[in-house]
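Novice:
Numbering (the working numbering), first residue to last: 32 to 176.
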């Protein structure tokens, strides 16, 4: 709720307007594509688009734990994109929390090694705009946090 996705999409649109190929996916959608690429043509096509993009935006990275297979598939994706594409990741979790969410410190280290090699980290530490600007069921203009 602090605008991470909004910023990422804005950067993606700017890339497209400057002639680059950009693609957006949530982490949940991406894991589905990776797990089904071998038997769903739609997933295979989507993965091809991802691999051919100049900019790949992955939203809500690490919002839930991955099993060993998912972490392995994600590593292979990042390894394939490394040095070929720019990657924007949004996450509520810091890299120090990824190991427990992936369940494999070795894969986590390999992914972070590639992601953090050339990185710009933007840390947004604000209150959620969704909570700030919503009405409660009792008619108040905002919600106290």
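We put the CB at the ideal spot given by N, CA and C, even for glycine.
To which residues of the same chain is residue 101 closer than 6 angstroms at the C-beta, ignoring the five residues directly before and after it?
Specialist: 62
Novice: Candidates 58, 37, 82, 36: which alpha carbon is nearest residue 114's?
Specialist: For residue 114, the closest of 58, 37, 82, 36 by C-alpha to C-alpha distance is 82.
Novice: In the DSSP output, which residue or residues are listed as bridge partners for residue 88?
Specialist: 55, 119
Novice: Let me know if residue 91 comes out buried or exposed under the rule of 16 or more other beta-carbons within 10 Å of its beta-carbon.
Specialist: buried
Novice: Taking the alpha helix (DSSP H) that residue 41 belongs to, which residues open and close that run?
Specialist: Segment 35-48, the alpha helix (DSSP H) holding residue 41.
Novice: Which of helix, strand or coil does DSSP assign to residue 64?
Specialist: helix
Novice: For a test of the three-state rule: what should DSSP assign to residue 151, helix, strand or coil?
Specialist: coil
Novice: With 16 as the cutoff for other CB atoms within 10 Å, does residue 96 come out buried or exposed?
Specialist: Classification of residue 96: exposed, given that the 10 Å Cβ count is below 16.
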